[in-house]
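Here's the structure, in structure tokens; my notes come after.
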Amino acid sequence: MADAKTPLITLPTDTEEIDCPICGGKKRTWRCDEKGWKIWTCAQCGHTYVSPRPTEDFLKRYYESCYLSSSQDAGQQWEGKLGGIFESVIQSVDRYHPGRGDFLEVGAGFGGLLELADRNGWRVSGIEPSESGVATIRQRLGDRAAVYQGLFEEFDLPPNSFDCLAILNVIEHVRDPLSVCRKAFDLLRPNGCIVIRWPQMLFLNLMRKKMGAPEPELLGAPAHLHDFCDKSVRRMLAEAGFKDVRHCWSSTRDVFSSSRGVKRMLFRATKTLAYLTHVLSGGRLITPFVARLTLARKP
Ligand SMILES: [Zn+2]
């Protein structure tokens with residue numbers, strides 16, 4: 067039996083209090099707690115973040131123990147549910163940055179995007195922390211892809227080496243997203259483009275909680291440390307030196323692909339509405355609170 071004095075949820079002691087990691091602002095509003103992590107929104111740039119944030123060491127232990135799947139099957143199943151995300155990334159890059167060259171994906175997973183970029187004429191490279199991901203990419207692409215195992219922050223790649231750098235659903239996990247964007251800026255050649263895919267989670271999940279959903283995930287802390295908004299993504303990219311920031315609609319993961327009924331119908335309707343709003347407005351409008359692709363250029 068558990069000791070009555072032992073709290074059910076323990077926070078690591080190695081955390082650090084931070085100001086807004088995008089603009090450095092100190093003024094903020096408390097939004098909620100999730101599993102003991104405090105979540106705030108910056109009054110200056112609108113960015114939502116976890117503070118105190120976990121240390122690098124804590125996150126390494128956390129991912130090793132409970133987040134990363136080491137099985138190739140699980141990874142490929144997950145990729146099967148992505149429902150057109152990779153295609154929408156390649157199409158958006160094509161429209162924004164016609165031409166080809168060297169393509170780097172940070173957090174390349176099991177190589178689905180790299181395979182598509184390779185088929186579309188890019189020379190591809192990927193950085194991926196998981197061993198099974200790297201093995202699958204090597205199997206799929208052989209010597210057509212340069213693959214590095216580890217974290218982006220740890221690698222010293224030569225500056226001005228890439229024409230496109232993709233970061234899909236990674237930026238919300240990193241402790242310091244601004245330094246990741248600065249590093250991406252250095253690695254790109256002039257006129258090269260960055261493409262980021264980022265979710266918007268907190269608002270909808272807080273609504274679900276208010277409507278009585280039992281124990282909904284809020285931000286997904288401590289795996290997710292950020293909830294971006296259009297304004298904070300623009301600010302982050304501008305701080306890193308990027309220009310011509312453009313937000314695009316991104317296809318959405320088919321989270322209910324294995325279930326039938328009302329949930330799936332509602333999900334499909336929301337996805338279609340987001341897509342139609344984007345297309346009918348000539349690419350100017352995106353319904354709120356759906357994942358975005360954001361592109362920007364190194365001058
Ligand atoms: Zn801020």
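Numbering (the numbering used here), first residue to last: 67 to 365.
Even for Gly, the Cβ is constructed at its ideal location relative to N, Cα and C.
Treat the numbers as computed from the prediction; the structure is a model and nothing was measured.
Query: First and last residue of the uninterrupted alpha helix (DSSP H) at S158; Result: 151 to 162
Query: Nonlocal neighbours in the same chain, by C-beta distance under 7 Å from E283, ignoring five residues either side; Result: N271
Query: Closer than 5 Å: residues whose CB approaches a heavy atom of ligand 1; Result: C86, I88, C89, G91, C108, Q110, C111, H113
Query: Cα-Cα separation, A362 to A250; Result: 11 Å
Query: Where N271 sits in the DSSP three-state scheme; Result: helix
Query: Test item: CB-CB of I203 and A174 under 8 Å; Result: yes
Query: Between the CA atoms of P280 and L254 - distance to the nearest angstrom; Result: 45 Å
Query: Those residues which DSSP pairs with P282 across a bridge; Result: DSSP lists no partner for P282.
Query: Opposing strand residues paired with V190 [DSSP bridges]; Result: F169, A211
Query: Rounded separation between F367 and K126 - CA only; Result: Lying outside 67 to 365, the shown extent of the chain, residue 367 is not represented and no answer is given.
Query: Among V200, T114, R185, the one whose alpha carbon lies nearest that of L291; Result: T114
Query: Same chain only: Cβ atoms within 7 Å of Y341, ignoring 5 sequence neighbours per side; Result: W315
Query: Contact check, T360 vs I262, beta carbons under 8 Å; Result: yes
Query: Cα-Cα separation between V246 and A289, rounded to whole angstroms; Result: 17 Å
Query: Cα-Cα separation, R312 to T338; Result: 21 Å
Query: Status (buried if at least 16 other CB within 10 Å, exposed otherwise) for M273; Result: exposed
Query: E82 versus G102 - alpha carbon distance; Result: 14 Å
Query: Bridge partners - H313, DSSP secondary structure assignment; Result: T360
Query: Straight-line gap, A287 to K104 (C-alpha atoms, nearest Å); Result: 9 Å
Query: Unbroken alpha helix (DSSP H) run spanning Y128, endpoints; Result: 122 to 128
Query: Nearest residue (CA-CA) to R161, options C230, A212, M277; Result: C230
Query: Buried or exposed (CB count within 10 angstroms, at least 16 for buried), L332; Result: exposed
Query: Under 8 Å between C-beta atoms of G177 and P195; Result: no
Query: For K252, the first and last residue of its enclosing beta strand (DSSP E); Result: Reading off the sequence shown, one finds Asp at residue 252, where the question assumed Lys. Taken as a continuous stretch (DSSP letters only), D252 belongs to no beta strand (DSSP E), being part of the alpha helix (DSSP H) at 243 to 253.
Query: Coarse secondary structure for P73, derived from DSSP in three states; Result: Since pLDDT at P73 reaches only 39, below the 50 mark, its modelled position is unreliable, and no value is offered.
Query: Range covered by the alpha helix (DSSP H) that runs through K297; Result: 296 to 306
Query: Within 8 Å, strictly: CB atoms of C89 and R301; Result: yes
Query: F269 versus W106, I193, D80, residue with shortest Cα-Cα distance; Result: W106
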